[in-house]
């Protein structure tokens, strides 16, 4: 086994672990606050405090003070710098999801937990420094709780292990590159909060050898021994599996049911470097972090933070110079009410402008609140439009989300022009119809609120929810025409609907049903004061319920609902100078069955002066 004296390792690290400082501060005078929206490309802010410093790198595409981000800390090697690590890793150029912090060690190297180096002897307090950085970043920026990540190269990788051993509660996942594990840290490491971990090692690494190092002062475990020890510390007791990732690239993977992954990536011909042939380390680190995350946002999606929580918004298309389009989801027959309903229509609408689909709190990836409702959403909608930089808006509201548009218009954002609204099978705000909506399951759930919440929280509805998600998917598949199938984003649809199975989302569904009663009361008379054009797309989906009515009294009530609803919708469109579109033999899933009608209605609104 290769044996190197500590002084030899240190000398090699000075040249191989750190690298030269070549990154320029292209935005050296950037503001220290959150006020800069869409900062220039490559903007990096240098923070100096108590004789120490770190670099904050914002996404290359720009920083938005209202968006929420994950936090990534990247530690340089011995003799290196924050600049050299930034130049080497360039995470901010590869992902818009993170604010990246590149800290600088106080001494020439980090206090990596071996108790054997200069940083330890001089009490550099690097661990405390990083803990303070994490706290400060969460105080100053919109960062997602529980979504902190750390990676280090060479001796910085040893330090990332030390952070995991001492403060596992801070990190969702940790990566070390070109660094196995010191014998001293291995002996003292206690990982209290199981953490996703990946080690990347070149098998020909001569600086921090893959096969370990025997030395009285600075011994190293071999990479396989280190990953085995760390996996056990992370409470993974299963056997590892071997995977071939690419030519000369292998993975030894430990998985648990938490779910949790620890893995060793071995580069057969790799040396002491950051990236390797057939393995782009920066990209793979980000992929590992994304796989570890509890917040896996699809393309075009972002979270925007308001006082009540984070709203998931999916934005597509380009500004048309007239109005942005805001698409709001409402409930179907199972009272599922999230942005899955936009999976086909949004790409089609995006050909005609910028389209934002907003998930109310507790839906999809939005934050959870105790009492979700359309009323709560309508209170936040004026600020949301500001956050999205909307100056003129056309609302497209599916099903009962027309209630949110009415409540919004009653307290509209004065800086935003509402050019028009398109309601698709809206709630009918007439006494008989409101009584229909407020009765049955809605009334029963309100009466036995605590019992229902307790029952659903115990998982009693999970099997039924799984069945209904599958049933809806099958029904929607049959509704989409051959012409529109290429536009259907099933990946997005499945990503959203799979969340409905979560217990918290099941509870959300019944809470929204309970609060639906009050939403209707709030909206009961608001349609009388409409002062913007409202176009209504009205399907005859009620005929299905009418045909299935169990008795004549129920049938008569449904017929009255349908007849009055049709006339009310025509009257609203006429009174507001909108358009009325009747769909015969149609389902309630208009957004999938007849998206072209929605596009037609939008184009007519856009043509208005």
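In the working numbering, the protein residues as written are 112 to 720.
Each residue gets a CB set at the ideal place from its N, CA and C atoms; glycine is no exception.
Since the model is a prediction, treat every value here as computed from it, not as a measurement.
When you compare each of the options to residue i by their alpha carbons, which one comes out closest?
| i | options | result |
| --- | --- | --- |
| residue 330 | 290, 629 and 369 | 290 |
| residue 457 | 599, 191 and 538 | 599 |
| residue 578 | 612, 404, 212 and 455 | 612 |
| residue 476 | 550, 449 and 461 | 449 |
| residue 627 | 597, 522 and 484 | 484 |
| residue 492 | 301, 313, 419 and 208 | 419 |
| residue 421 | 296, 706 and 471 | 471 |
| residue 400 | 574, 415, 381 and 374 | 374 |
| residue 716 | 618, 668, 682 and 431 | 431 |
| residue 255 | 282, 263 and 242 | 282 |
| residue 674 | 618, 631, 539 and 619 | 539 |
| residue 397 | 382, 320, 263 and 270 | 263 |
| residue 192 | 242, 204, 163 and 169 | 163 |
| residue 367 | 345, 385, 434 and 379 | 345 |
| residue 622 | 174, 556, 496 and 214 | 556 |
| residue 560 | 402, 691, 625 and 157 | 625 |
| residue 649 | 258, 417 and 683 | 683 |
| residue 676 | 690, 697, 653 and 659 | 653 |
| residue 185 | 179, 176 and 195 | 195 |
| residue 318 | 327, 305, 333 and 504 | 333 |
| residue 348 | 524, 338, 564 and 292 | 338 |
| residue 253 | 563, 415 and 507 | 415 |
In the DSSP output, which residue or residues are listed as bridge partners for residue i?
| i | result |
| --- | --- |
| residue 353 | 363 |
| residue 483 | Answer is none; residue 483 lacks a bridge partner. |
| residue 378 | 313 and 360 |
| residue 438 | 468 and 507 |
| residue 423 | 414 and 470 |
| residue 160 | 163 |
| residue 332 | 292 |
| residue 178 | 415 |
| residue 373 | 308 and 365 |
| residue 387 | 390 |
| residue 155 | 168 |
| residue 286 | 262 and 309 |
Residue i: buried (16+ other C-beta within 10 angstroms of its C-beta) or exposed?
| i | result |
| --- | --- |
| residue 636 | exposed |
| residue 552 | exposed |
| residue 135 | Because the pLDDT of residue 135 is 36, which lies under 50, any placement of that residue in the model is unreliable, and the question is left without a value. |
| residue 700 | buried |
| residue 582 | exposed |
| residue 343 | exposed |
| residue 272 | buried |
| residue 370 | exposed |
| residue 473 | buried |
| residue 161 | exposed |
| residue 714 | exposed |
| residue 620 | buried |
| residue 269 | buried |
| residue 569 | exposed |
| residue 658 | exposed |
Look at the alpha carbon of residue i and the alpha carbon of residue j, and state the distance between them as a whole number of angstroms.
| i | j | result |
| --- | --- | --- |
| residue 359 | residue 426 | 40 angstroms |
| residue 142 | residue 251 | Note that residue 142 has pLDDT 34, beneath the 50 cutoff, so the model's placement of it is unreliable and the number below is only indicative. If you take the alpha carbons of residue 142 and residue 251, they lie about 12 angstroms apart. |
| residue 443 | residue 651 | 14 angstroms |
| residue 324 | residue 413 | 46 angstroms |
| residue 137 | residue 720 | For residue 137, the predicted model reports a pLDDT of 38, less than 50, meaning its position is unreliable; a value from the coordinates is still stated below. Straight-line Cα distance between these residues: approximately 44 angstroms. |
| residue 585 | residue 576 | 14 angstroms |
| residue 407 | residue 455 | 20 angstroms |
| residue 209 | residue 167 | 11 angstroms |
| residue 644 | residue 437 | 15 angstroms |
| residue 307 | residue 181 | 16 angstroms |
| residue 239 | residue 309 | 23 angstroms |
| residue 707 | residue 246 | 50 angstroms |
| residue 452 | residue 393 | 35 angstroms |
| residue 710 | residue 535 | 12 angstroms |
| residue 593 | residue 694 | 19 angstroms |
| residue 300 | residue 235 | 19 angstroms |
| residue 391 | residue 288 | 12 angstroms |
| residue 498 | residue 550 | 37 angstroms |
| residue 242 | residue 433 | 47 angstroms |
| residue 601 | residue 607 | 10 angstroms |
| residue 139 | residue 171 | Residue placement at residue 139 is flagged as unreliable, the pLDDT there being 36, under the threshold of 50; the coordinate-derived value follows with that caveat. Cα to Cα, residue 139 sits roughly 15 angstroms from residue 171. |
| residue 189 | residue 213 | 14 angstroms |
| residue 284 | residue 260 | 5 angstroms |
Heavy atom of the ligand FMN less than 6 angstroms from the Cβ of residue i, yes or no?
| i | result |
| --- | --- |
| residue 340 | The model depicted lacks the ligand FMN and carries no ligand whatsoever. |
Would you list, in sequence order, the uninterrupted beta strand (DSSP E) runs of no fewer than 3 residues that lie entirely inside the stretch 187-267? 209-214 and 254-264
Which runs of the beta strand (DSSP E) fall wholly inside the stretch 455-511 and span at least 3 residues, in chain order? 466-470 and 503-509
Ignoring anything shorter than 3 residues or poking outside the stretch 606-652, list the beta strand (DSSP E) runs there in chain order. 645-650
In chain order, what are the residue ranges of uninterrupted beta strand (DSSP E) at least 3 long that sit wholly in the stretch 527-574? 528-535
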